[in-house]
Structure formats: structure tokens, C-alpha cells
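First residue of the sequence shown? That's 1 in full-length UniProt numbering, and the numbers climb one at a time after it.
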Amino acid sequence: MPNTLARPPKKQHNFRRVAILFAGGPAPAANAVISTAAVSFLRNDVEVLGIKHGYSNLMQFGPDRPMELGRDYIMLDHQALSRSRAQQGIMIGTARANPGKQVSHPDHLKDPERSAPLQTTYDALCSLGVDALISIGGDDTLKTANKFKLFQETLPEGSQKIPVVHLPKTIDNDYMGIDFTFGYFTAVDFLAGEVRNLLYDAEAGQAYFLVECMGRSAGWLPYGTAIAGEASLVISVEDIIGDYVGKEEEVDGRTKKVMNVDKVVDRIVKTMLAREAEGKKFGVIILAEGLAEMLPPEYLEGIKRDDHGHISITEVSLGRQFAKWISKRYEEQTGRSRKVTGLQLGYEARCSKPHAFDVMLGSQLGVGAYRALVEEGLNGVMVSVSGQLNLHYVAFENLVDPETLVTVVRYINPMSDFHRLARFLETYIND
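What follows is the structure, given as C-alpha cells:
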């Protein structure tokens, strides 16, 4: 019989020093991922560097700006990691700097100008004596990790190769290759609590709140929040089909849906009237923030975009804009006024205290980084879990388009059981 209490055996390996970085938006249980990955390497005699603020400091490396301890990176030793697993925040910080911004096709990797930030990142890590990179982040960071791996394949023969393993992070839960991402359930619970508070407020004043909830690409977070928070209605990007599509446009070679705003506003007002028929003159409506990307072009003129091409959603004020439209349409149809207040929710949840499940999930992903690199000898994989936190590894090429180098978003499947759950729990209308 195997000794189930025995320490996992040490594996022979050639790693002396690895680096961990975190990029993109925060997520609950970030420190569980970082600390468990770090401690797994430390206990197997490997030094661990925590790269501060994503790729931003690596991209500034040069002869006149060498990497500096404390400013650009920290040593993740046992003292630094003490009781850090369930801590809030991100111990190494984060940023959205993207060294692969100018690379949108494999041929671009051979262009010295386009690939210069990737070269700088590689040089910075080599200067630190790093033997492997653990990347933690969302789908944009996965794209960067893949580009970093592919870039190294273009280097002259005999060049040092730095294996890269990616750990999926997003409270949006829209990742292909994994069932649930760490921080999702903590964020849902936190935001659901906010929605329930708003429901009491709305009931007291016979009013409505129009909540713009994080969920840029897919509706997992808005739907989870609506189900757990007992919202009156939730609408996400997956719901803009059929009559709710105004037109379609070609943008960068892709077909982009444009929302039929009037139809969506009418659908929300129908819910309000149906609730009134049940004696409920109040409610909370949740809209996914990603619907802002589907607004007609005239509403997006002058809106800034980040390094990954995303619009600055906070500048759109989707919730407040819809609140105005809904209030006006309600009065037009009923001759009565009803207060509708638009607000945004999401940032409050990103560094909330992580739940036990997210700490467990994050811990398994962190340990998975060690096991992928040391036990399995892998490179260019995303660590994933399924079932009862069973580890498996998904190759980058199964997650990223080989021509465009773009990841595939995991949407909620319309009419799936998860999608229909929200419809069963909402106020019913014959639409």
C-alpha cells in the first residue's frame, strides 16, 4: 500500500531559478496561486522571483536600466510567503503592459521592430538567470505567453530557451480549457450581496436599479450574480441575437454585432410591467458591461482603447445611459414615472476576500505550474483542472488560433441549462 502521508518525491530537474508574473485585472485568490506555485519550487531547491507589475518592468529593461531587486522584482522566499495563501490583493502587483501588442501573425515574430518588446522581455529574464516563466492572467495574457514561446522559436540556434506555463485567471470565467477560473465564485458571491442590498433599497422606494456588471466578453459573471443575487432580469452579449441585433458590421475582418437598442429597452420595460402585474413596483436589472462594445458606433466615438484593443468601458457609462432610455420608455408606455438609477459593479469584487473553494482551486493551479514544468517537462501549456480539482494541461495551440494568434472566448451557450436557469428564476414574460 502506498504511504498517502509521504511527501511528494523530489524530481530531478535543471531549474535553478523561475519567475512568476501576474498580468491584467485582479482576481480573488491571486495570492493562493502565486504562493503555492512559489512554495512548490522552493521546497524543491529552486529560487523564485516575483516579477512586479506584470510585463511593465521587463519591457523597460536595457543597458541603462537593468532589472533591480525591490523595484522590478522581489524574491519569493518562505518568509515572504508566510500565511499568504488566503490574503487579499496581489503580492507582486499587476499591469496591462503587453509585449506582444504589435504581433498579430506568426510572420510578425521575425520582424525585429514588431517583436522588439518580446526581445526585451526575453533579455530581461535572461539577465536575471531565469530558467522558466509562470504567467498568470486572462486570455490576453495567455496570448502574450504564447507569443513569447513562439518568439523564442525564432531565436538563433543555441540560444537559451525559457519554458513558459500559463495559469488561467479571470473573474469573467470565459476561458476555454477550464470549467471555472479562480476568483469567479468569490466575485459572484460578493456582487450578489450587493444586488440583494440594492433590492431592499429598490423595494423601499418603489424604484429600479440598472446594474452594469463586469463581463466584457461573456456573461458568466452577470448571470451568476443575477442567479445568486435574485435579480429581476439579466442580459448579456449572448442574448443579442435575433430581433435584438440591429445590424452587423465588418471590423478588422471580423463580423461585429450591433445592438438594437430599442428592442433591448422594450424587453426591460416589459419585465418592469410584468413585475407590476405581480404587485412588484421595484427591481434590479443586470446588464453585462460587454454590451457597451455592441452599442451603435455613434455612442463609442472618442472612447479610448487599451493595449489589447478594448474600449474603456467606464467611459461609456452603459448603466446610466440605459437607465435614461428605460425611464423615458416606461413613461411613454404608461404615462407614469418610475425612478431608474444606473450604476456599475465589479471593481469592488476583484480583491475581495477569497472563498475557500477559490483558494483551493488557485492552490491546485499554482502547484500545477510546478508539476507541469518539473514533473512533466512541459512548455507552452495552460494548467487546468476538472472534476474534483484533477490537474491536466492544455497546449497553447489548442487555445490560440495559429494564424491570428487570438484566443477563443467561451460564451454561455444560449438555451444551455445554466442559461435557462436564469430565465426560470426571473419574472416571466411572454416575449
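Yeah, the Cβ is synthetic: ideal placement off N, Cα and C, and Gly gets one too.
These numbers were taken from a predicted model, which means no experiment stands behind them.
Buried/exposed call for residue i, threshold 16 Cβ in 10 Å
i           : result
T334        : exposed
E289        : buried
Q364        : buried
D358        : buried
F22         : buried
R275        : buried
S159        : exposed
residue 436 : No information on residue 436 is available, as it lies outside the stretch 1 to 431 that the chain covers here.
A187        : buried
G423        : According to the sequence as given, residue 423 is Arg; it is not Gly. When all chains shown are included, R423 counts as exposed.
S127        : exposed
K143        : buried
I241        : exposed
K110        : exposed
H78         : exposed
T4          : exposed
Q206        : exposed
R65         : exposed
E331        : exposed
S337        : exposed
S352        : buried
G387        : exposed
H355        : buried
T255        : exposed
S214        : Inspection of the sequence shows that residue 214 is occupied by Met rather than by Ser. Buried is the call here.
M272        : buried
E298        : exposed
N57         : buried
H105        : exposed
N197        : exposed
residue 432 : Nothing in the structure corresponds to residue 432, since the chain is present only between 1 and 431.
For residue j and residue i, believed in contact at Cβ under 8 Å, the rounded distance
i    : j    : result
V39  : L81  : 6 Å
I20  : L69  : Not confirmed; about 15 Å, so no contact.
T170 : A27  : 7 Å
G380 : F396 : 5 Å
I134 : A226 : Not really, about 34 Å apart at Cβ, beyond 8 Å.
V385 : I178 : 7 Å
L210 : A37  : No, L210 and A37 are not in contact; Cβ-Cβ is about 40 Å, not under 8 Å.
V374 : K11  : 5 Å
E315 : K304 : 7 Å
R114 : Q102 : 4 Å
P296 : V258 : 6 Å
A231 : V284 : 5 Å
A218 : D174 : 4 Å
V269 : I326 : 6 Å
G100 : K147 : 4 Å
T181 : P168 : 5 Å
Y55  : A95  : 7 Å
Sheet register partners of residue i (DSSP bridge)
i    : result
G25  : According to DSSP, which records beta bridges pairwise, G25 is partnered with nothing at all.
A19  : L49 and L133
S384 : H392
V211 : I286 and L343
L69  : Y73
G62  : R65
E249 : K256
V409 : Y175
Residue i - containing beta strand (DSSP E), residue span
i    : result
V400 : Here V400 belongs to no beta strand (DSSP E), and DSSP marks it neither H nor E.
Y73  : Y73 to M75
V284 : G283 to A288
L273 : Counting along the chain, L273 falls outside any beta strand (DSSP E), though it belongs to the alpha helix (DSSP H) covering V261 to A277.
Segment limits, alpha helix (DSSP H) that includes residue i
i    : result
Q87  : Here Q87 belongs to no alpha helix (DSSP H), and DSSP marks it neither H nor E.
Q344 : Element bounds for Q344: not the alpha helix (DSSP H) but the beta strand (DSSP E), V340 to L345.
L233 : That residue, L233, is in no alpha helix (DSSP H); its beta strand (DSSP E) goes L233 to I235.
H419 : D417 to L425
L291 : Premise fails: L291 is in no alpha helix (DSSP H) and is neither H nor E.
T36  : A30 to L42
S327 : L318 to T334
S217 : Taken as a continuous stretch (DSSP letters only), S217 belongs to no alpha helix (DSSP H), as it is neither H nor E.
G368 : A356 to Y370
A80  : H78 to L81
Residue i CB to nearest heavy atom of the ligand ADP below 7 Å
i  : result
P2 : The ligand ADP is absent from the structure shown, which contains no ligand whatsoever.
#### Entry: Unbroken stretches of the beta strand (DSSP E), 3 residues or longer, contained in the region 128-208
Counting only runs of 3 or more, we get 132-137 and 164-168.
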